[in-house]
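I have placed the structure first, in the form of structure tokens, so that the comments after it can refer back to it.
In UniProt numbering, the protein residues as written are 1 to 118.
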């Protein structure tokens, strides 16, 4: 019983909370510093490419637990050539590969294309 009370008092300790927050910041720093080639740079690459038959609807990136990088692009495709669009984007985003093409709304041609750093 005393051990449980001691653990509860440690959890409520402000110093313990600050240390826990510091570890969260260090983990975030490690995640971001492991990202060679900041993913936002890919926005400039994507903005310069020709967009024949499709439009970008969203851009999202994240760092995985093993410090990998994933990018999710929302696209609206006209003419139903999603595989061609995914293949073309795979060539533009050097160092990334397509891991998933997921329909959001097939009728309107909206898809999410997910990439991971290789």
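Even for Gly, the Cβ is constructed at its ideal location relative to N, Cα and C.
Residues near residue i in its chain [Cβ-Cβ closer than 6 Å; skip 5 each side]
i: residue 55; result: 76
i: residue 72; result: 60, 112, 114
i: residue 90; result: 98
i: residue 41; result: none
i: residue 96; result: 115, 117
Extent of the continuous alpha helix (DSSP H) to which residue i belongs
i: residue 90; result: 82 to 92
i: residue 77; result: From DSSP, residue 77 is part of no alpha helix (DSSP H) but of the beta strand (DSSP E) over 69 to 77.
Where residue i falls, given that 16 or more other Cβ within 10 Å makes a residue buried
i: residue 85; result: buried
i: residue 82; result: buried
i: residue 16; result: exposed
Chain-order list of residues whose beta-carbon lies under 7 Å from that of residue i (same chain, five-residue window excluded)
i: residue 70; result: 61, 62, 64, 114, 115, 116
i: residue 10; result: 16
i: residue 100; result: 114
i: residue 78; result: 53, 54, 109
Check whether residue i and residue j have beta carbons under 8 Å apart
i: residue 58; j: residue 74; result: yes
i: residue 109; j: residue 88; result: no
i: residue 92; j: residue 46; result: yes
Range of the contiguous beta strand (DSSP E) that encloses residue i
i: residue 63; result: 54 to 63
i: residue 106; result: First-last for residue 106: undefined, no H or E at that position.
Close-in-space but distant-in-sequence residues of the same chain around residue i (CB under 8 Å, 5 per side omitted)
i: residue 14; result: none
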